[in-house]
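First up is the structure itself, then whatever we jot down about it.
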Amino acid sequence: MGPDATEQAGGTRTRPYRSARRQGQARRTRQRILGAAAAEFSSRGYAAATVAAIAAGAGVSVPTVEQAFRTKANLLKAAIDVAIAGDDEPVPVLERPAAVTAAAAPTAEAFLAAVGAAVADVAERAAGLVLVAFEAAAADARLRPLAGQLRDNRATMAGWIVDGLAARAPLRPGIDRDHAVDVVWLLMDPAVFIRLRTDRGWSGQRFQQWFADSTARLLTDR
49 MGPDATEQAG GTRTRPYRSA RRQGQARRTR QRILGAAAAE FSSRGYAAAT
99 VAAIAAGAGV SVPTVEQAFR TKANLLKAAI DVAIAGDDEP VPVLERPAAV
149 TAAAAPTAEA FLAAVGAAVA DVAERAAGLV LVAFEAAAAD ARLRPLAGQL
199 RDNRATMAGW IVDGLAARAP LRPGIDRDHA VDVVWLLMDP AVFIRLRTDR
249 GWSGQRFQQW FADSTARLLT DR
């Protein structure tokens, strides 16, 4: 018997249904599957990506993938969630270090610098996958709730950015909160990041600075 065995009444010894080692193995397997899924979706798009190719990339069987995620749509959603967060820890985005750093910034300039860094970091990992979801949702109704959720989440984050900026510097005359949220929502569009980062060859640092500067110029009297 191993060290994780437990003794029940009557002297029978048995292992727990889930040992810490098994949990760790399951988590590592899940991480490999999600990594393979992100690569497959990014290179082939949603329609052409297959569960078989994802399983092969992760070094597992198709039934293992299906048991963990059930559908290809669930795989895409999970891959996007991990890409946005940067890991699979169950910590809300606004409680993560990047958001905490931004929230603690004393000035509008420092706040936007921290926000710009966070937006660029997330976009580097997730923009391509989010565009895959948007494009696939146009043809597959099963993905439309995911696309809608991603748009809503971006609006929520844009609202948080606007509120944080307005707490540190007044918005320009004639610009109300809704208008400001729409501006930031557009600046955060993953298509904008891809066009500048990939098509125009911008660095992540250049995008970060552009985002912060554009937000300040469009919304404040800076």
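Under the numbering used here, residues 49 to 270 are what the sequence shown spells out, in order. Beta carbons: idealized from backbone N, C-alpha and C, even for Gly.
Item checked: Distance between Arg69 and Trp250 (C-alpha atoms, nearest Å) -> Cα to Cα, the separation comes out at about 44 angstroms.
Notebook entry, point to check: Excluding sequence positions up to five away, which residues of its chain have a Cβ less than 8 angstroms from the Cβ of Thr77?
Noted result: Closer than 8 angstroms at Cβ, skipping near neighbours: Ala106, Val108, Thr112, Ala116.
Notebook entry, point to check: When burial is assigned at 16 or more other CB atoms within 10 Å of the CB, is Arg92 buried or exposed?
Noted result: By the Cβ-count criterion, Arg92 is exposed, with fewer than 16 other Cβ atoms from all chains shown falling within 10 Å of its own Cβ.
Check: Just the Cα atoms here: how many angstroms apart are Ala104 and Lys120?
Finding: Looking at the two C-alpha atoms, the distance is approximately 15 angstroms.
Checklist line | Alpha carbon of Gln197 to alpha carbon of Gly72, nearest angstrom | finding: In a straight line, the C-alpha of Gln197 is about 30 angstroms away from that of Gly72.
Item checked: Endpoints, the alpha helix (DSSP H) within which Ser90 is located -> Per DSSP, Ser90 belongs to the alpha helix (DSSP H) from 68-96.
Next item on the list: Take the Cβ of Ile209 as the centre, count every other Cβ of all protein chains shown within 10 Å, and call the residue buried at 16 or more, exposed below.
Entry: Ile209 comes out buried.
Check: Between Val110 and Ala158, what straight-line distance do the alpha-carbon atoms span, to the nearest angstrom?
Finding: Rounded to the nearest angstrom, the two C-alpha atoms are 48 angstroms apart.
Notebook entry, point to check: Taking just the CA atoms, how far does Arg270 sit from Glu172?
Noted result: Computed Cα separation, rounded: 28 angstroms.
Notebook entry, point to check: Going by beta carbon distance, what residues of the same chain come within less than 8 angstroms of Arg192, once the five residues before and after it are set aside?
Noted result: Counting only Cβ-Cβ distances below 8 angstroms, and skipping sequence neighbours, we find Ala185.
Notebook entry, point to check: Any chance the segment 152-168 sits against the segment 119-136, with 3 or more Cβ pairs inside 8 angstroms?
Noted result: No, because fewer than three Cβ pairs between the segment 152-168 and the segment 119-136 fall closer than 8 angstroms, the two stretches do not touch.
Check: Apart from the five residues on each side of it in sequence, which residues of its chain come closer than 7 angstroms, Cβ to Cβ, to Phe182?
Finding: Excluding residues within five positions, the ones whose Cβ falls inside 7 angstroms are Ala195.
Margin query: Measuring alpha carbon to alpha carbon, tell me which residue in Ala215, Val99, Arg202 is nearest Ile81.
Written below: Of the candidates Ala215, Val99, Arg202, the residue whose Cα lies closest to the Cα of Ile81 is Val99.
Item checked: Cβ distance (whole Å) where Leu123 is taken to contact Ile102 below 8 angstroms -> Confirmed, about 7 angstroms.
Check: Distance, Cα to Cα, Ala147 vs Pro140?
Finding: Each residue's alpha carbon lies about 10 angstroms from the other.
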